[in-house]
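In what follows, a single structure is set out as structure tokens and then discussed.
Protein chains in written order, with this note's numbering: chain R, 123 to 469; chain A, 3 to 154.
Here it is as structure tokens:
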């Protein structure tokens, strides 16, 4: 027993702390969104030379560590420092230019004037209050002629990762290959640009508030559960009617064990109703194609020990998995739909 | 004693095959086209001892209603005895069973997404049963590795 434990500890140590391979770590944790060669997909194209050549390694490391709360990019806070560095080194291999040095110099400016300039020059892409462009990835929602979605600037992850100098240089020189154009060319003076940097930096308070709001659903229960006063058959019929009444299409009714056991041998006391509102489904996938893994909608009805219970996933709880604040509203809406269906079926 | 050894061995296997970090959402991209990625997925699932209980064709439903979409399917996956055991013992899990993997085309590539099975562990309080989800997690990482490494 003692030997087994020693083996376990040794293997665990090797697994967690062995020399990291940036390419493999990138393939495992980043390529699904950013593309195998960094050319983008669900996430931004980080291999873009104008991006890589203008951001420091520190920026990349902080971005990996902190992510972008509410903007898809998760915080890889459990990666070791060596693993983060290995990923950055791999990403850096896509350019032959050295990483720009990190600068801690602060840029001073008039944030009120910067706000006015932001409204004139930046808000069209970066949104009101720097909330960023809409949509996720190229699959459904992003126009395919756009190589990048304007990042949210009122984001704690961005503001912690980006230095003042980096923000200033990006505004001044733009990013070739993206819709971000040079504001010097657009006619802003260096002082104007400093003012915009001061405004962007002033978004830190609202960014912190937004992050706080994102965490509110963490306490939600994983499922919505309601006891039925009716028997299984009547409950299922009530639920079918409720689904139709709420303008959903009932796709099918089957047993939870369908496809897992021989047909006819399923537990008949475990019934699942699958239903959909295709307009809503389309809208949800347009916001984030990943949500399909909890679709189509379904409610499970189980009879056990003479008690009938209906249950559904709690969309409010699930929304945190996607780290996409644009899903909050549809998830809230789906929560109301599920709650209402379960209530109607058990009245 | 035998149970303890079993637990330790399971943890060892889990540590060897699962990266040292765990995200709640697992994703993988493959350069395989959608039909080939779907075939690789189903083959790997079966090789890992799981069954595909159903494939839901989301795109067919959408296009049937007049919406434009690329290829999109949901694959329901599980081991019958484990699903039966979990649903019977923990009704709170019923709404999540069997687990689902979504698979969709993105240009010439294919993206797969699933919830980390470890999220189900938070819904129960039995430490021994939680190990089951650790194994599922390990298996899904392995399935995704197969997909990532598959060639056309």
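From the three backbone atoms N, C-alpha and C, an ideal C-beta is built for every residue, glycine too.
Interface residues of chain R facing residue i [CB-CB closer than 7 angstroms]
i, result
"residue 117(A)", "415, 443"
"residue 26(A)", "443"
"residue 155(A)", "Given a span of 3 to 154 for chain A in the structure shown, any question on residue 155(A) remains unanswerable."
"residue 150(A)", "149"
Between the CA atoms of residue j and residue i - distance to the nearest angstrom
i, j, result
"residue 34(A)", "residue 112(A)", "6 angstroms"
"residue 139(A)", "residue 26(A)", "10 angstroms"
"residue 451(R)", "residue 256(R)", "14 angstroms"
"residue 175(R)", "residue 283(R)", "16 angstroms"
"residue 194(R)", "residue 355(R)", "42 angstroms"
"residue 247(R)", "residue 303(R)", "11 angstroms"
"residue 329(R)", "residue 214(R)", "29 angstroms"
"residue 273(R)", "residue 300(R)", "12 angstroms"
"residue 197(R)", "residue 390(R)", "43 angstroms"
"residue 36(A)", "residue 422(R)", "30 angstroms"
"residue 59(A)", "residue 75(A)", "5 angstroms"
"residue 70(A)", "residue 64(A)", "7 angstroms"
"residue 152(R)", "residue 100(A)", "27 angstroms"
"residue 433(R)", "residue 465(R)", "11 angstroms"
"residue 324(R)", "residue 420(R)", "44 angstroms"
"residue 312(R)", "residue 220(R)", "25 angstroms"
"residue 122(A)", "residue 169(R)", "36 angstroms"
"residue 45(A)", "residue 296(R)", "47 angstroms"
"residue 167(R)", "residue 217(R)", "13 angstroms"
"residue 403(R)", "residue 307(R)", "43 angstroms"
"residue 371(R)", "residue 398(R)", "5 angstroms"
"residue 442(R)", "residue 326(R)", "22 angstroms"
"residue 472(R)", "residue 289(R)", "Lying outside 123 to 469, the shown extent of chain R, residue 472(R) is not represented and no answer is given."
"residue 143(A)", "residue 320(R)", "44 angstroms"
"residue 38(A)", "residue 158(R)", "17 angstroms"
"residue 245(R)", "residue 92(A)", "50 angstroms"
"residue 95(R)", "residue 377(R)", "Beyond the ends of chain R as shown, which are 123 and 469, falls residue 95(R); an answer cannot be given."
"residue 380(R)", "residue 394(R)", "9 angstroms"
"residue 316(R)", "residue 232(R)", "8 angstroms"
Contact set for residue i: own chain, Cβ-Cβ below 7 angstroms, skip 5 residues either direction
i, result
"residue 144(R)", "208, 209, 211, 212"
"residue 253(R)", "274, 276"
"residue 88(A)", "95, 99"
Residue i in three-state terms, based on DSSP
i, result
"residue 116(A)", "strand"
"residue 231(R)", "coil"
"residue 271(R)", "coil"
"residue 341(R)", "helix"
"residue 277(R)", "coil"
"residue 371(R)", "strand"
"residue 429(R)", "strand"
"residue 29(A)", "strand"
"residue 325(R)", "coil"
"residue 361(R)", "helix"
"residue 380(R)", "strand"
"residue 108(A)", "strand"
"residue 349(R)", "strand"
"residue 68(A)", "coil"
"residue 334(R)", "helix"
"residue 398(R)", "strand"
"residue 434(R)", "strand"
"residue 422(R)", "strand"
"residue 158(R)", "coil"
"residue 55(A)", "strand"
Residues of its chain near residue i, where Cβ-Cβ distance is below 8 angstroms and the 5 sequence neighbours each way are ignored
i, result
"residue 53(A)", "47, 79, 80, 81, 82"
"residue 187(R)", "197, 198, 199, 201, 206"
"residue 41(A)", "none"
"residue 373(R)", "396, 397, 398, 418"
Proximal chain A residues relative to residue i, where beta-carbon distance stays under 8 angstroms
i, result
"residue 392(R)", "89, 96"
7 angstroms Cβ cut-off: residues of chain A touching residue i
i, result
"residue 404(R)", "64, 69"
"residue 154(R)", "29, 30, 31, 113"
"residue 270(R)", "Near residue 270(R) there are no residues of chain A at all, since even the closest Cβ is about 16 angstroms away, more than 7 angstroms."
"residue 400(R)", "63, 64, 67, 69"
"residue 424(R)", "93, 96"
"residue 345(R)", "94, 97"
Residue-chain proximity (residue i, chain D), Cβ-Cβ < 7 angstroms
i, result
"residue 137(A)", "In the displayed structure, chain D is absent; the protein chains listed are R and A."
Contact set for residue i: own chain, Cβ-Cβ below 6 angstroms, skip 5 residues either direction
i, result
"residue 468(R)", "348, 350"
"residue 148(R)", "209, 212"
"residue 146(A)", "30"
"residue 437(R)", "453, 456, 457"
"residue 225(R)", "285, 287"
"residue 430(R)", "350, 354, 357"
Interface partners of residue i on chain A, CB under 9 angstroms
i, result
"residue 213(R)", "Those do not exist, as residue 213(R) stays about 16 angstroms from chain A at its closest Cβ, beyond 9 angstroms."
"residue 418(R)", "58, 60, 63, 76"
Contacts of residue i in chain R (Cβ-Cβ under 8 angstroms)
i, result
"residue 80(A)", "382"
Whole alpha helix (DSSP H) elements within the region 178 to 209 of chain R, 4-residue minimum: 179 to 188
Start-end ranges of the alpha helix (DSSP H) lying completely within the region 279 to 321 of chain R, minimum 4 residues: 286 to 295
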